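Chains as they are written, first to last, in my numbering: chain A, 1 to 209; chain B, 210 to 418.
All C-beta atoms, glycine included, are put in the ideal place defined by N, C-alpha and C.
Please read all numbers here as calculations on a predicted model, not as lab measurements.
Take a look at the structure below.
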DNA sequence: CAGCCAATAACCCTATCGGGTTACTCGCCG
DNA sequence: CGGCGAGTAACCCGATAGGGTTATTGGCTG
């Protein structure tokens with residue numbers, strides 16, 4: 001494990017302080033090298049094209065686009081890209097989407113640094129790794145159906161304080177159809193009413209406020 | 210500005226990676242010294258008692274208690290304590306409570322490191338500093354009345370998908386009283402219905418899900 | 001100590017929500 | 001090419017939400 005197999009790392013996160021911390025952790029490892037740091041999705045893609053890092057650490061919340069979109073862009077252009085999501089966010093739906101988009105791991109920022117370097121090594125060796133706490137959260141909702149795009153759209157209007165009639169007008173559909181969508185949302189999320197549906201959707205990362 | 214006036218700093222945050230980043234930034238300044246790092250509220254109090262730092266950087270989300278409670282504990286024991294809140298959270302209510310509890314500044318983790326050291330110097334000189342983005346968010350809701358403890362309690366049950374009748378039973382009060390509380394909450398938050406009230410309360414940091 | 005505010009409670013009334021049922025039309029997948 | 005799921009829509013109906021009004025109590029404050 002000498003100089004010939006140095007792991008070249010790219011970090012993408014809009015928190016400079018955290019990037020600094022990651023940089024220190026990477027630099028403390030003789031077999032790892034920090035190639036560059038990006039602070040948004042556009043930079044992420046440009047830096048990846050130019051540097052072709054072995055490992056990319058990416059936050060989900062970026063100023064210009066979702067980390068998942070950035071992840072997907074990179075993966076369509078470079079299917080062999082090994083990207084690790086590193087975020088504070090814990091909703092199961094975000095995790096699922098990240099993995100579906102090709103992420104090799106999903107780490108929380110609260111995790112100890114040694115787990116980070118451990119995961120970087122594992123992913124570099126071609127393995128996918130999900131830490132136990134994230135895996136547990138995933139398992140909690142394993143059987144649940146995902147909401148359709150239309151259902152999420154309706155739910156966002158519900159969160160905005162719109163009545164069924166108002167939502168109907170906004171979406172150019174009948175009030176009855178709105179009610180059906182909300183009914184399905186409540187069933188899928190196991191919510192007692194529209195309010196709990198919104199609360200659960202936010203908690204699970206299906207929508208933001 | 211030589212060795213006789215070194216600024217001694219304590220950091221309290223449950224994200225090791227971020228603490229690492231803060232440590233690097235502090236160490237890069239010749240006139241600053243990182244005394245210790247804590248990862249929860251209990252440690253914060255113990256470390257403060259033992260070390261009496263000039264400046265304490267504290268996160269709001271800690272594993273054992275709210276950073277505001279930790280802040281208040283320290284400030285009642287050491288009224289001269291100069292504490293800077295450093296967090297990702299942006300709800301105006303959290304900011305207000307932190308300042309009321311005696312915080313000297315309220316910084317977001319997304320801010321550039323030089324602003325952090327700048328603020329540490331300002332606070333050490335006895336000034337209070339609120340960055341423009343945080344100040345703007347505060348100003349947005351300047352005239353708004355705060356929710357009472359009881360109103361927040363009711364609202365949390367609303368977010369949990371409980372009907373007015375169920376909330377009444379849970380809190381041993383009449384359904385009419387529950388309705389009045391919710392009515393007041395909606396007025397104070399400018400919400401159209403209970404669902405939007407919950408959404409706004411979460412957005413503004415009045416409650417978590 | 002007078003007054004105000006938070007919390008409590010009851011009554012009435014209408015709009016809205018949410019449940020059950022049935023049905024049509026796409027587009028997709030085997 | 002037949003079925004199946006998503007989106008659309010209509011009807012009925014009981015339960016709930018939310019608006020208006022009035023009133024009592026207890027604690028804090030000027």
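Quick check: the Cα distance between residue i and residue j, rounded to an integer number of angstroms?
i: residue 215 of chain B; j: residue 238 of chain B; result: 10 Å
i: residue 140 of chain A; j: residue 91 of chain A; result: 11 Å
i: residue 203 of chain A; j: residue 16 of chain A; result: 26 Å
i: residue 89 of chain A; j: residue 298 of chain B; result: 13 Å
i: residue 127 of chain A; j: residue 369 of chain B; result: 39 Å
i: residue 216 of chain A; j: residue 124 of chain A; result: Outside the displayed range of chain A (1 to 209) lies residue 216 of chain A, so it cannot be described from this structure.
i: residue 240 of chain B; j: residue 76 of chain A; result: 48 Å
i: residue 209 of chain A; j: residue 40 of chain A; result: 21 Å
i: residue 234 of chain B; j: residue 331 of chain B; result: 16 Å
i: residue 382 of chain B; j: residue 230 of chain B; result: 50 Å
i: residue 359 of chain B; j: residue 328 of chain B; result: 37 Å
i: residue 113 of chain A; j: residue 245 of chain B; result: 18 Å
Return yes when the C-beta of residue i is under 8 Å from any heavy atom of the ligand FAD, and no when it is not.
i: residue 15 of chain A; result: This structure lacks the ligand FAD; in fact it carries no ligand of any kind.
Which whole-angstrom value describes the C-beta separation of residue i and residue j, a residue pair presumed to lie in contact below a C-beta threshold of 8 Å?
i: residue 219 of chain B; j: residue 247 of chain B; result: 7 Å
i: residue 206 of chain A; j: residue 95 of chain A; result: In fact, because the Cβ distance is near 12 Å, the residues do not count as touching under 8 Å.
i: residue 109 of chain A; j: residue 86 of chain A; result: 6 Å
i: residue 71 of chain A; j: residue 103 of chain A; result: 6 Å
i: residue 107 of chain A; j: residue 116 of chain A; result: 6 Å
i: residue 105 of chain A; j: residue 129 of chain A; result: 5 Å
Considering only residues of the same chain and omitting the five flanking positions on each side of residue i, which have a CB-CB separation below 8 Å?
i: residue 379 of chain B; result: 366 and 371
i: residue 74 of chain A; result: 44, 45, 48, 56, 81 and 83
i: residue 236 of chain B; result: 243
i: residue 363 of chain B; result: 376, 380, 387, 390, 391 and 394
i: residue 111 of chain A; result: 131
i: residue 145 of chain A; result: 188
i: residue 263 of chain B; result: 216, 217, 218, 291 and 333
i: residue 306 of chain B; result: 277
i: residue 212 of chain B; result: With a pLDDT of 47 at residue 212 of chain B, under the threshold of 50, the modelled position of this residue cannot be trusted, and the question is left open.
Run through DSSP, which three-state label would residue i get?
i: residue 88 of chain A; result: coil
i: residue 334 of chain B; result: coil
i: residue 73 of chain A; result: helix
i: residue 411 of chain B; result: helix
i: residue 267 of chain B; result: strand
i: residue 354 of chain B; result: coil
i: residue 291 of chain B; result: coil
i: residue 67 of chain A; result: helix
i: residue 261 of chain B; result: coil
i: residue 6 of chain A; result: coil
i: residue 45 of chain A; result: helix
i: residue 116 of chain A; result: helix
i: residue 311 of chain B; result: coil
i: residue 220 of chain A; result: Because chain A is modelled from 1 through 209, residue 220 of chain A falls outside the range shown and cannot be assessed.
i: residue 209 of chain A; result: coil
i: residue 342 of chain B; result: helix
Which residues in the same chain have their Cβ closer than 6 Å to the Cβ of residue i, if we skip the five residues on either side of it in sequence?
i: residue 13 of chain A; result: 19 and 59
i: residue 23 of chain A; result: 34
i: residue 164 of chain A; result: 175, 178 and 179
i: residue 78 of chain A; result: none
i: residue 101 of chain A; result: 68, 71 and 72
i: residue 191 of chain A; result: 197 and 200
So, for residue i: in the same chain, excluding its five sequence neighbours on each side, which residues have a beta-carbon less than 7 Å away from its beta-carbon?
i: residue 156 of chain B; result: Past the boundaries of the shown model lies residue 156 of chain B; chain B is included only from 210 to 418, so the question cannot be answered.
i: residue 201 of chain A; result: 155, 189 and 207
i: residue 251 of chain B; result: 273
i: residue 259 of chain B; result: none
So does the stretch 194 to 206 of chain A actually touch the stretch 397 to 405 of chain B, counting three or more Cβ pairs closer than 8 Å? They touch, by the three-pair rule.
Determine, using beta-carbon pairs with one atom in the stretch 126 to 143 of chain A and one in the stretch 63 to 70 of chain A, whether at least three such pairs fall under 8 Å. These segments do not touch.
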